[in-house]
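Taking it in order: structure first as C-alpha cells, then the write-up.
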Amino acid sequence: MLALVASPGKAAPVELREAPEPQPARNEALVAVRAISLNRGEVRAVTQAREGARVGWDIAGVVEAAAADGSGPAAGTRVVGLVQPGGWAQRVAVRTTHLAALPDGVSFAAASTLPVAGLTALFALAAGGLLLGKRVLITGAAGGVGRFAVQLAARAGAHTTAVTRDAERAAGLRELGADAVTHTFTRVGAEFDLILESAGGESLAAALCRVAANGTIVSYGDSSREPVTINAGDFFRRSGNRLLGFLLFPELEREAGAGARGLAYLASLIAAGQLDPQIAMEASWRDPGPALAALLDRRVAGKAVLHID
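All letters in the sequence shown, in the order written, are residues 329 to 637 by this note's numbering.
Set out below in C-alpha cells:
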C-alpha cells in the first residue's frame, strides 16, 4: 500500500511511498482511508521527524475488516477514526474505542475533520460544566479547534468571545455563533467563566488574570512558543479557579469509549446541519506540500483535508 512518510530535506516534508500493510490487533478494525485532515501539531512534528517516519491522526473511510474481538463497526461501514500515528495511508488499523460509524450524508472529508479538532473542542468545553449563560472565551478561534469550539459553546447557550489574530482570520465566526470577536486579549478586562487557551505566552498570562472566581482555564496549545510570566496572586486571589492542561490522547484513555461516543455525537451534529466542519482547503494527498505549508504559515482558517485518491 501507499503512505505519506517523513522526507527531511525534500521540497515537501512528506513523500508518498510504499509502506507495510497494517496488522490489526484484536480490538482494531482495518479501515480503507478515503480522507484525512491535517493538524498543525502533526505537520510541525513531521518537519522534525526521522526519515521514513509515519504520521497522521485523523481519518475517515470504510471498514474493510471488523475487529476480531467483535467490537466496533462491521465490515463495509463508513467510519471516522483517530489513530496515533500513521493515519496518512491507504489502510490503517484503528482501535474500535476511537472509531464511530458515519450517518448518511456526512462526507468523508467532513468526517475527517472531527477526531483531533472536534474532540479537543468538545472535551475542553466539557471542563467548564454546564455552559448555559456562562461567559466563554476562545483564543485561536480561527483555527480548526477554535471554530468547532465556537459552534459547540454557542449551542450550549454560552456567551462566546472569539479571539483571532486579525479581521481576515475572523471571517465567519459571528455566523458560527460568536457573540463577540476581538483581536486583542490583554491582562485587564472582563472576566470569563471558561477560557480555552491555545497560544501560551502572554495570552495564557492574560487568561490567568481574567478567569472569574470558580472559573476554569483549559490550556491545550502553545502556538506562540513564548514563556509565561505572571504574578501568582493575579490568579489565586480569584477563589476556586482552575488551570487544566489538556492533551487529547491521554484524555481518551481516562474513559473507555469516550472517543467513539464523542465522534458519533459530532458526526450526528454534522448530519443534522448543526455543526459546520469549516473546511477551508482540500487537495489530493499526491500533492500535499501546499496544504502543509499553508497550515504551518497559518493561512488556513479552519480545516485542511487531503483526499486519498
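Each residue gets a CB set at the ideal place from its N, CA and C atoms; glycine is no exception.
Status (buried if at least 16 other CB within 10 Å, exposed otherwise) for residue i
| i | result |
| --- | --- |
| Pro401 | buried |
| Glu525 | buried |
| Thr375 | exposed |
| Arg368 | buried |
| Gly471 | buried |
| Asn569 | buried |
| Thr557 | exposed |
| Phe476 | buried |
| Leu436 | What sits at residue 436 in the sequence shown is Phe, not Leu. Buried, because 16 or more other Cβ atoms sit within 10 Å of the Cβ of Phe436. |
| Gly389 | buried |
| Ala469 | buried |
| Asp377 | In the sequence as presented, Asp is not what sits at residue 377; that position holds Ala. Ala377 should be labelled buried. |
| Gly337 | exposed |
| Ala396 | exposed |
Given residue i as reference, the closest of the options once Cα atoms are compared
| i | options | result |
| --- | --- | --- |
| Leu501 | Ala334, Ser399, Gln606, Asn367 | Gln606 |
| Ala393 | Val420, Gln412, Glu370 | Val420 |
| Phe513 | Leu571, Val473, Ala534 | Ala534 |
| Val628 | Arg497, Gly505, Trp416 | Arg497 |
| Ala455 | Arg614, Ile545, Phe564, Ser567 | Ile545 |
| Leu571 | Asp521, Ala334, Phe436, Glu503 | Asp521 |
| Ala527 | Ile364, Leu575, Ser547, Glu519 | Ser547 |
| Thr467 | Leu620, Arg493, Leu332 | Arg493 |
| Gly573 | Ile523, Ala429, Arg565, Ala584 | Ile523 |
| Gly590 | Ser567, Arg345, Gly601, Ala445 | Ala445 |
| Ala560 | Leu536, Glu554, Asn542, Leu576 | Leu536 |
| Gly601 | Val434, Leu620, Phe564, His511 | Val434 |
| Pro618 | Pro341, Val333, Gly337 | Pro341 |
| Pro352 | Ala540, Val422, Ala484, Gly457 | Val422 |
| Ser551 | Asp562, Ser567, Ala429, Ser531 | Ser531 |
| Leu575 | Ala482, Pro443, Asp397 | Pro443 |
| Leu366 | Ile387, Ala499, Asp562, Arg614 | Ile387 |
| Ala331 | Asn355, Ala484, Val361, Gly337 | Val361 |
| Val359 | Arg614, Thr405, Ala482 | Thr405 |
| Thr510 | Ala482, Ala495, Phe564 | Ala495 |
| Thr441 | Asp562, Ile364, Gly398 | Ile364 |
Chain-order list of residues whose beta-carbon lies under 7 Å from that of residue i (same chain, five-residue window excluded)
| i | result |
| --- | --- |
| Leu427 | Ala357, Gly400, Pro401, Val407, Gly409, Ala588 |
| Leu480 | Ala449, Leu450, Leu453 |
| Gly517 | Arg538 |
| Ser596 | Pro431 |
| Glu370 | Val383, Gly384, Trp385 |
| Met329 | Ala347, Glu349, Ala417, Gln418, Arg419 |
| Ala403 | Val391, Glu392, Ala393, Ala394 |
| Ala339 | Gly617 |
| Arg626 | none |
| Val333 | Val342, Glu343, Arg345, Ala347, Gly380, Ala381, Arg382 |
Close beta carbons around residue i, own chain, < 8 Å, minus the five adjacent residues each side
| i | result |
| --- | --- |
| Leu580 | Leu410, Thr425, His426, Leu447, Ala586, Gly587 |
| Asp432 | Ala599 |
| Ala608 | Val628, Ala629, Gly630, Lys631, Ala632 |
| Leu624 | Arg368, Val371, Arg372, Thr375 |
| Arg553 | Gly528, Gly529 |
| Ala540 | Arg463, Glu519, Phe520, Asp521, Arg566, Asn569 |
| Ala592 | Ala428, Ala429 |
| Gly414 | Ala331, Pro350, Arg382, Val383, Gly384, Val420 |
Residue i, enclosing alpha helix (DSSP H) - first and last residue
| i | result |
| --- | --- |
| Asp587 | Checking the sequence shown, residue 587 turns out to be Gly, not Asp. Taken as a continuous stretch (DSSP letters only), the alpha helix (DSSP H) holding Gly587 covers 586–599. |
| Glu579 | 576–582 |
| Gly573 | Careful: Gly573 lies outside any alpha helix (DSSP H), inside the beta strand (DSSP E) at 570–573. |
| Leu450 | 447–454 |
| Leu624 | 617–624 |
| Leu501 | 501–504 |
| Phe436 | 436–440 |
Residues near residue i in its chain [Cβ-Cβ closer than 6 Å; skip 5 each side]
| i | result |
| --- | --- |
| Ala438 | Ile598, Pro605 |
| Ser612 | His635, Asp637 |
| Ala708 | Since the first residue of the chain shown is 329 and the last is 637, residue 708 is not available in this structure. |
| Ala506 | Val478, Thr488, Ala490 |
| Gly549 | Ser526 |
| Ala486 | Leu459, Lys462, Val464 |
| Asn542 | Gly568 |
Residue span of the beta strand (DSSP E) that contains residue i, given as start and end
| i | result |
| --- | --- |
| Ala508 | 508–510 |
| Arg419 | 419–423 |
| Ala334 | 330–334 |
| Ser567 | Here Ser567 belongs to no beta strand (DSSP E), and DSSP marks it neither H nor E. |
| Glu610 | 607–612 |
| Ala632 | 631–635 |
| Ala429 | 427–429 |
Length-filtered (4 minimum) alpha helix (DSSP H) runs lying within the region 465–489: 472–483, all fully within the region 465–489.
Contiguous beta strand (DSSP E) assignments of at least 3 residues, all confined to the region 347–405: When DSSP assignments are scanned along the region 347–405, the uninterrupted stretches of beta strand (DSSP E) that are 3 or more residues long and fall wholly within it turn out to be 356–366, 386–393.
Within the region 521–554, ranges of the beta strand (DSSP E) (whole runs, at least 3 residues): If you keep only unbroken beta strand (DSSP E) runs of at least 3 residues inside the region 521–554, you get 539–547.
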